[in-house]
Each structure stands twice: as structure tokens, then as C-alpha cells.
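**Student:**
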Amino acid sequence: MSGAILQLQDVCERREVTDSADVVIVGTGAAGATAARVLTEAGLDVILVEEGEHVPTAELRSDMLASFRRLWRDMGFQVAEGRAFTPILQGRCVGGTTAINGAIIHRLPEVIHQLWCRDHGAGDFLPYAKLQRVYDQLDEELAVGAAPEAILGGNNRLMRAGIEACGWQGNLIRRNVRGCEGTSHCNQGCPNARRQSMNNSYVPRAVASGARVYATCRAEGLLRERGRAAGVVGRFRLPLGGPPGPRLRVHARRAVIVAASAIQTPLLLARAGVGGSSGLLGQRLQAHPGGAIMGLFDEPVRPWFGATQGYESTHFWPERMKFEAVSMPLELGAARLPGIGPALMRQLGAYGHVATWGVQVRARAHGSVRPGLFGGTSIRYDMTDEDVRTLKLGLRRVSEAMFAAGARELLPGIHGLPERITSLDGLAALESLPDDPRRFHCIAAHLFGTAVMGTDPRGSVVAPDGSVHGLPGLYVADSSPFPTNFGVNPQHTICAYAWLVAERLAGG
Amino acid sequence: MPGSWLRGLAFERRWLVALFELLIPAEADPRFRLGAKDAPMHRYVDELLRLAPLKFVLGLRASVWLLQLSPLVLLLRPTLLLALRPSEQYGVLDRLRGSEVYLLRELPLLLKTIGCLGFCGLPEVQAQLGIQPRDATPPAWAAAHGEQGRS
Numbered sequence: 003m004s005g006a007i008l009q010l011q012d013v014c015e016r017r018e019v020t021d022s023a024d025v026v027i028v029g030t031g032a033a034g035a036t037a038a039r040v041l042t043e044a045g046l047d048v049i050l051v052e053e054g055e056h057v058p059t060a061e062l063r064s065d066m067l068a069s070f071r072r073l074w075r076d077m078g079f080q081v082a083e084g085r086a087f088t089p090i091l092q093g094r095c096v097g098g099t100t101a102i103n104g105a106i107i108h109r110l111p112e113v114i115h116q117l118w119c120r121d122h123g124a125g126d127f128l129p130y131a132k133l134q135r136v137y138d139q140l141d142e143e144l145a146v147g148a149a150p151e152a153i154l155g156g157n158n159r160l161m162r163a164g165i166e167a168c169g170w171q172g173n174l175i176r177r178n179v180r181g182c183e184g185t186s187h188c189n190q191g192c193p194n195a196r197r198q199s200m201n202n203s204y205v206p207r208a209v210a211s212g213a214r215v216y217a218t219c220r221a222e223g224l225l226r227e228r229g230r231a232a233g234v235v236g237r238f239r240l241p242l243g244g245p246p247g248p249r250l251r252v253h254a255r256r257a258v259i260v261a262a263s264a265i266q267t268p269l270l271l272a273r274a275g276v277g278g279s280s281g282l283l284g285q286r287l288q289a290h291p292g293g294a295i296m297g298l299f300d301e302p303v304r305p306w307f308g309a310t311q312g313y314e315s316t317h318f319w320p321e322r323m324k325f326e327a328v329s330m331p332l333e334l335g336a337a338r339l340p341g342i343g344p345a346l347m348r349q350l351g352a353y354g355h356v357a358t359w360g361v362q363v364r365a366r367a368h369g370s371v372r373p374g375l376f377g378g379t380s381i382r383y384d385m386t387d388e389d390v391r392t393l394k395l396g397l398r399r400v401s402e403a404m405f406a407a408g409a410r411e412l413l414p415g416i417h418g419l420p421e422r423i424t425s426l427d428g429l430a431a432l433e434s435l436p437d438d439p440r441r442f443h444c445i446a447a448h449l450f451g452t453a454v455m456g457t458d459p460r461g462s463v464v465a466p467d468g469s470v471h472g473l474p475g476l477y478v479a480d481s482s483p484f485p486t487n488f489g490v491n492p493q494h495t496i497c498a499y500a501w502l503v504a505e506r507l508a509g510g
Numbered sequence: 384m385p386g387s388w389l390r391g392l393a394f395e396r397r398w399l400v401a402l403f404e405l406l407i408p409a410e411a412d413p414r415f416r417l418g419a420k421d422a423p424m425h426r427y428v429d430e431l432l433r434l435a436p437l438k439f440v441l442g443l444r445a446s447v448w449l450l451q452l453s454p455l456v457l458l459l460r461p462t463l464l465l466a467l468r469p470s471e472q473y474g475v476l477d478r479l480r481g482s483e484v485y486l487l488r489e490l491p492l493l494l495k496t497i498g499c500l501g502f503c504g505l506p507e508v509q510a511q512l513g514i515q516p517r518d519a520t521p522p523a524w525a526a527a528h529g530e531q532g533r534s
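Protein chains in written order, with my numbering: chain C, 3 to 510; chain U, 384 to 534.
1) Can you name, in chain order, every residue of its own chain whose Cβ lies under 6 Å from the Cβ of A294/C, other than the five neighbours on each side?
2) Under 9 Å between beta-carbons, which chain C residues line up against D421/U? List them in chain order, please.
3) Are the beta-carbon atoms belonging to Q190/C and R39/C less than 8 Å from one another?
4) Does the contact criterion of 3 or more C-beta pairs under 8 Å hold for the stretch 406 to 416 of chain C versus the stretch 360 to 371 of chain C?
5) Whether or not the stretch 466 to 480 of chain C and the stretch 141 to 149 of chain C are in contact is what I'm after, with contact meaning three or more pairs of Cβ atoms, one per stretch, closer than 8 Å; do they touch?
6) For chain C, check one thing: does any of its Cβ atoms lie closer than 8 Å to the Cβ of F403/U?
7) Chain U beta carbons: is any one of them nearer than 8 Å to that of R440/C?
8) To the nearest angstrom, how far is it from the Cα of H108/C to the Cα of Q493/C?
9) Evaluate the contact criterion for the stretch 417 to 428 of chain U versus the stretch 495 to 510 of chain U: three or more CB pairs, one atom per stretch, below 8 Å.
10) Are at least three pairs of beta-carbons, each pair with one atom in the stretch 422 to 429 of chain C and one in the stretch 308 to 324 of chain C, less than 8 Å apart?
11) Given 8 Å as the limit, is there contact between the stretch 452 to 463 of chain C and the stretch 99 to 106 of chain C, that is, 3 or more CB pairs closer than that?
12) With DSSP collapsed to three states, give me the class of H528/U.
13) Which first and last residues belong to the alpha helix (DSSP H) in which K132/C is found?
14) Give me the DSSP bridge partner(s) of G391/U.
15) Would you please verify whether the beta carbon of A526/U is less than 8 Å from any beta carbon of chain C?
16) Work out the CA separation of L406/U and G451/C for me, nearest whole Å.
17) How would you call G45/C, buried or exposed, if buried means at least 16 neighbouring beta carbons within 10 angstroms?
18) From the beta carbon of E333/C, is the nearest beta carbon of chain U less than 8 Å away?
19) Have a look at L490/U and V363/C and give me their C-alpha separation to the nearest angstrom.
20) Could you tell me the distance, in whole angstroms, from the CA atom of I445/C to the CA atom of Y130/C?
21) So A86/C packs on R506/C, CB below 8 Å; how close in whole Å?
22) With 16 as the cutoff for other CB atoms within 10 Å, does R94/C come out buried or exposed?
23) If you scan the stretch 439 to 463 of chain C from start to end, which runs of the beta strand (DSSP E) of 3 or more residues do you find wholly inside it?
24) Can you tell me whether V490/C is helix, strand or coil according to DSSP?
25) In terms of alpha-carbon separation, which member of N491/C, A504/C, G489/C, P466/C lies closest to R120/C?
26) Have a look at Y427/U and P522/U and give me their C-alpha separation to the nearest angstrom.
27) Could you pull the start and end residues of the beta strand (DSSP E) that E471/U belongs to?
28) Name the chain C residues whose beta carbon is nearer than 7 Å to that of L437/U?
29) Closer than 8 Å is the cut-off here; do at least three beta carbon pairs connect the stretch 255 to 271 of chain C with the stretch 12 to 30 of chain C?
30) Establish whether the CB of F299/C and some CB of chain U are separated by less than 8 Å.
31) Output yes if chain U places a C-beta closer than 8 Å to the C-beta of R94/C; else output no.
32) Taking all protein chains shown into account, decide if F528/C is buried (16 or more other Cβ within 10 angstroms of its Cβ) or exposed.
33) Taking the straight line between their C-alpha atoms, what separation do you get for I153/C and E183/C?
34) Under the DSSP definition of a beta bridge, which residues are partnered with T88/C?
35) Please list the terminal residues of the continuous beta strand (DSSP E) segment that includes N178/C.
36) In chain C, which residues lie less than 7 Å from D429/U when you measure between Cβ atoms?
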């Protein structure tokens with residue numbers, strides 16, 4: 003059968019869509035698409051089920067609302083509740099979060115890998131040498147390389163100057179892009195298809211090898227036959243509402259792989275009544291919460307040009323923090339400027355001189371995911387006091403680098419500090435602020451741990467090879483099994499893990 | 384739309400637009416003359432409330448009510464925020480922004496964030512800052528009927 007991407011408008015006349023394949027995969031993000039690439043090229047027949055839309059590059063728009071509407075989960079309004087509301091950023095489209103992220107590529111730090119082996123039995127399935135071999139191949143296929151000088155733009159260049167002036171280690175970010183033009187539109191979907199996100203790489207590659215993608219179709223449950231996972235049932239519907247379309251019923255001859263993210267995967271398993279015996283399904287949600295500091299420079303920054311994220315510092319990674327330049331779209335950046343009314347507009351007039359650098363925290367907090375009201379999702383997540391102290395220290399260091407790079411004033415956006423700070427002395431109050439996440443405006447990305455791996459079914463949801471305890475034929479291949487967060491961007495490790503899960507399946 | 388009242392009543396939508404105009408005023412800076420009143424923000428509000436998750440919409444509606452009723456508590460005056468003089472309005476909003484109560488100080492920020500999400504996506508707004516959008520056509524909500532202003 004030839005491959006294709008079908009969505010609601012292609013099937014709305016039918017009552018039910020049925021299909022079968024060797025392997026059915028839920029999700030087309032980093033994990034699902036990579037698994038599809040491996041399986042199809044091993045000669046297996048594959049179906050992918052994706053809740054979000056397939057949005058061709060020609061239909062992408064510059065304005066953020068349009069991107070939120072078509073590419074982001076819950077229109078970008080998904081939040082975790084705790085002491086503070088924390089936006090949880092995720093894609094919901096063909097390509098998943100890889101279609102809207104900053105294209106940052108990292109490998110799993112070796113010390114974290116050792117921890118996973120020691121405490122969670124990952125070593126037999128995930129030896130480090132094997133991971134490195136897959137990373138190398140991913141690098142080649144996804145065009146991973148350091149951001150070139152020509153598309154750095156002012157924001158990244160200034161951060162490099164600041165980090166170097168402080169004597170810290172920093173580097174151009176390794177990104178999965180092919181000929182990036184520096185439009186700073188990563189969060190809106192790459193307008194030139196330069197980013198090798200899954201919608202531009204492994205999904206079309208799998209389709210070319212015969213995979214069928216059913217998009218705008220939410221997986222609602224799992225089929226079982228003779229004590230094995232045997233398929234997926236779902237329903238076509240536009241992600242933001244509208245009348246429901248036909249049902250989907252797809253049979254899997256060999257296996258079902260759930261790769262729907264650390265938020266959606268545990269919910270699907272729970273709906274299907276599997277993976278819950280340890281009591282850990284949907285628990286242990288970990289993340290990398292982060293905050294940002296804006297700095298006003300005399301020189302033009304023009305944050306709308308350059309790689310959205312092109313420079314970073316992992317100098318303080320052992321202290322659980324990482325710094326990144328981040329060029330937000332004006333629609334999001336403007337809201338971070340201080341003031342309201344005329345004061346806001348004066349600041350907006352100077353937006354071309356504003357740089358934004360973020361602090362990403364390898365947080366110790368554990369949260370949870372469960373079904374919420376109105377058919378939604380309830381996410382609980384609260385940074386610990388220690389996480390907040392790490393954030394405060396990180397923000398202070400980033401501020402130091404901003405002044406070292408020549409910032410005239412900082413716009414910290416922290417409750418309890420002045421709206422503008424003109425010297426490091428002005429940050430003295432930061433340390434004495436209570437360790438309360440409500441004083442900061444954090445977002446959380448990079449989600450892990452809600453279907454944790456382990457060799458003992460009493461203390462884990464899946465085995466290290468992704469197989470779900472208690473239901474043969476069912477696998478989880480996204481970041482849900484990862485036992486801990488790891489302080490760097492996880493896309494490459496999610497791809498590598500999915501690759502290995504799929505490779506074993508293909509071999510078996 | 385069935386149940387559309389859950390997604391905002393007509394007067395609540397007018398309040399929301401007026402709050403955007405208060406938070407994002409025109410002619411406030413010589414480098415940046417445009418404001419929310421120069422954009423068809425009523426259509427933005429319609430689009431947002433139609434499409435956003437219901438939980439968010441209900442939260443936004445509650446925020447609008449709390450902002451409108453805040454003079455009752457902060458000024459001990461039985462009037463709505465939007466009925467005050469502009470200087471008093473900004474005074475009330477500044478007090479809310481400085482509040483030690485998290486939910487109160489987030490109210491103006493939420494409205495500012497949502498207002499900027501629409502307003503700053505307009506090509507003419509970006510052009511005023513020197514940004515050349517990749518596609519210069521306005522967002523779908525602003526392009527409807529080819530109308531660019533509200534009045």
C-alpha cells in the first residue's frame with residue numbers, strides 16, 4: 003500500500019476508517035516519527051495516528067495566534083497548576099513539538115546515563131556506545147550542526163560576548179537545520195522548512211516508504227486480542243472543536259507503540275486500563291522549568307533576526323542550570339516588557355534593543371498528570387524551594403553576563419524587584435526574596451517520567467526496552483519512561499530511544 | 384453555537400476590548416503610535432473566545448470581572464474600572480500589579496499578555512518596529528471583510 007497523510011477533510015464522508023499494519027504508532031513527534039522511519043525502512047508496514055493537524059509549510063503564518071491555533075496544544079494555553087500557573091509548551095500537529103521548538107540538539111549526559119543504568123536497569127537495553135551510534139546517525143540524517151555565524155543575530159551574539167566576558171564556557175547551539183535563514187520563526191513553524199523537524203524529515207520519509215498517517219485523529223483507546231495489544235481506536239475531529247468525524251480502527255499485527263508525550267501517553271494508557279499496577283502511571287512528572295531576563299542595550303539587537311536559539315552555556319550544568327539565548331516572537335516578548343498603558347508602549351518602541359536570555363533548571367520537582375475537566379488534562383507541577391533557589395542563582399548569573407555584554411538596564415520581571423535595574427547592586431534583593439515560584443514567570447518544557455522505566459513491575463510502568471508491564475505487544479517510546487530529567491534539551495535522546503525500541507521490534 | 388454564552392457575553396467582549404485599549408493605548412510613544420483601538424480587536428476577541436480551550440475562556444472571563452470590580456475593593460467605590468478616569472484606571476491597575484496576592488497581580492498581566500498576542504501580530508504593528516513579517520498579510524481575524532479599523 004502506498005503511503006499518505008489523511009486527515010478529517012479526507013475521510014469526513016465515511017462512518018469508520020479501518021486499516022491494519024505491522025505496527026501502529028500513536029504520535030508523530032520525535033519518538034513516533036523516528037520509530038516509523040526505522041520500522042518502515044526495515045520493511046515493516048506502519049500506521050501513525052496523530053491528534054493534531056498536518057500543516058504544510060505553505061500554510062504556515064507569521065502571526066503567533068495562527069501558530070498557536072494550528073500547531074500548539076491547547077492553543078499554547080496548557081498550564082500546570084501548583085503554587086503558580088506554569089505554561090507547559092507542547093506541539094500538537096504532525097511533527098509534534100519538533101515542529102515548534104528551538105531546534106536545539108544535545109546528547110544524554112553520560113553521568114545521567116550512569117544513573118539510569120544504576121537505578122533503573124537501563125544499561126542492558128541502552129548501552130552508552132549504542133546510544134552514541136544512533137546519535138551519530140541522527141546527526142547525519144537530521145543535518146545537526148553548530149549555528150553558523152551568518153545567522154546568529156544580535157541576541158545570540160551578545161550572549162556570547164557576555165558569557166565570554168564572564169569567563170564561562172559557552173557554545174554555538176547545535177541545531178537540526180539545513181540552511182537556516184535566521185528568520186527567528188522557529189516557534190511559528192519554520193517558514194522555509196529548513197528545520198529538520200519530524201514533519202520535514204522522518205514523517206515524509208516514512209510516508210515515502212509506505213506509512214499511512216491519520217492526522218486530526220485522537221487515539222481514544224487500545225484494542226486487545228488474546229491478551230496482547232492489537233491496535234488503536236480513535237476519532238477524527240479538528241483539535242479545537244467542531245463536529246466529530248468518523249471513527250478510526252486500526253489493527254496492529256506485531257505491536258502498538260505509544261509515543262504521545264509524557265503528558266498524553268499516561269492518559270492513553272490509563273484510558274486503556276494498562277500500566278497502572280505500580281501506581282506510578284502519570285506520576286513523577288519531571289521537567290525543565292525556566293525563566294528569562296530581558297536586557298536593554300544601546301546597540302540594536304533586532305531580536306527578530308537570527309536563529310531563535312543560537313547560543314547557550316552549560317558551564318553551570320553541574321549546578322542544575324543551563325543558559326540559552328531565546329528570541330521570542332514580538333507577540334510573546336511584548337508581554338514580558340514592564341509596565342502597562344503608556345509605559346508599556348514606550349518600552350515597546352525600544353523592542354529592537356532588547357535581548358532575552360533564559361535559565362533552564364534541572365528541577366527536582368515531581369508532578370503528576372491525570373484527566374481533567376471538560377475532557378482536558380490536569381497537570382500538577384510545583385517547583386521545589388531548592389528549584390527556585392537554583393532559578394534565582396541562574397537569573398543572577400545571566401544578569402551578570404548581560405551587564406558584561408553591555409546592557410544599559412535589565413528588565414527582570416520578578417515580583418519584589420524593581421522593573422528596571424541598572425547595576426548588579428540592584429539585584430541584591432533577589433537573594434533575599436522568598437523561594438516562591440509565584441514571584442517569577444516560568445514556563446516548563448521537556449517533560450519526563452510519567453511512565454517510568456524499570457526492571458521491576460512493582461516500581462515501574464515499562465521495562466527499559468519500552469515494553470509496558472502487563473500487556474505484551476504494547477510499547478512506550480517517548481520521554482515518559484525516562485527516569486529523570488537531565489538538564490539539556492531532550493529531542494535527540496527521545497529520537498535515539500525510539501530508534502532503539504523500534505530497532506529491537508524490527509529485529510524481533 | 385450551542386453553549387456559546389459560556390464563551391463570553393456581548394458586554395463581556397466589549398469590556399475585554401476596552402481593557403485592551405487601556406493596556407495598549409495609541410499615541411503613547413513617538414516611535415510607536417499605534418494602539419489597540421487602531422486594530423479590529425473585537426474580531427480578535429471573537430476568534431480567541433471561539434477557539435481557546437473552555438477552561439482558559441472561563442478563566443479569562445473571571446479575570447475581566449475581577450478587574451472591572453476591583454475599584455469596589457481598592458477604592459471603596461461602587462463603580463467599574465472602565466468607568467474611572469484614565470489616571471485612576473492606571474492607578475488601580477498599578478496597585479493590582481504590585482499586590483502581594485499572586486492571583487491579583489496576575490490579572491493585569493494576563494490581559495496584557497492576551498492583548499499583545501493579538502495586537503503585536505499585526506503586520507502594521509511589526510512594521511512600525513522595523514520588523515518585516517515573512518508574510519505581510521494580516522492575521523485571519525484582522526483580515527476578515529478587509530476591514531482594518533474598528534470605527
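The beta carbon of each residue, even a glycine, is placed where N, CA and C say it ideally should be.
**Tutor:** Here's the rundown:
1) T358, G360
2) Per Cβ cutoff of 9 Å: no residues; D421/U is ~12 Å from chain C at best.
3) no
4) no
5) no
6) no
7) yes
8) 8 Å
9) yes
10) no
11) no
12) In this predicted model, H528/U has a pLDDT of only 47, less than 50, meaning its place in the structure is not dependable; the value taken from the coordinates is given anyway. Note: H528/U maps to helix in three-state DSSP.
13) 130 to 143
14) DSSP output for G391/U lists no bridge partner at all.
15) no
16) 40 Å
17) exposed
18) yes
19) 26 Å
20) 31 Å
21) Actually they do not touch by this definition, with Cβ atoms about 41 Å apart.
22) buried
23) 445 to 450
24) coil
25) P466/C
26) 9 Å
27) No beta strand (DSSP E) contains E471/U, which is instead part of the alpha helix (DSSP H) from 469 to 480.
28) F376
29) yes
30) no
31) no
32) The structure shown does not extend to residue 528/C, since chain C is modelled only from 3 to 510, so the question has no answer here.
33) 7 Å
34) A82/C
35) 176 to 178
36) The contacting residues do not exist; D429/U stays about 12 Å from chain C at best.
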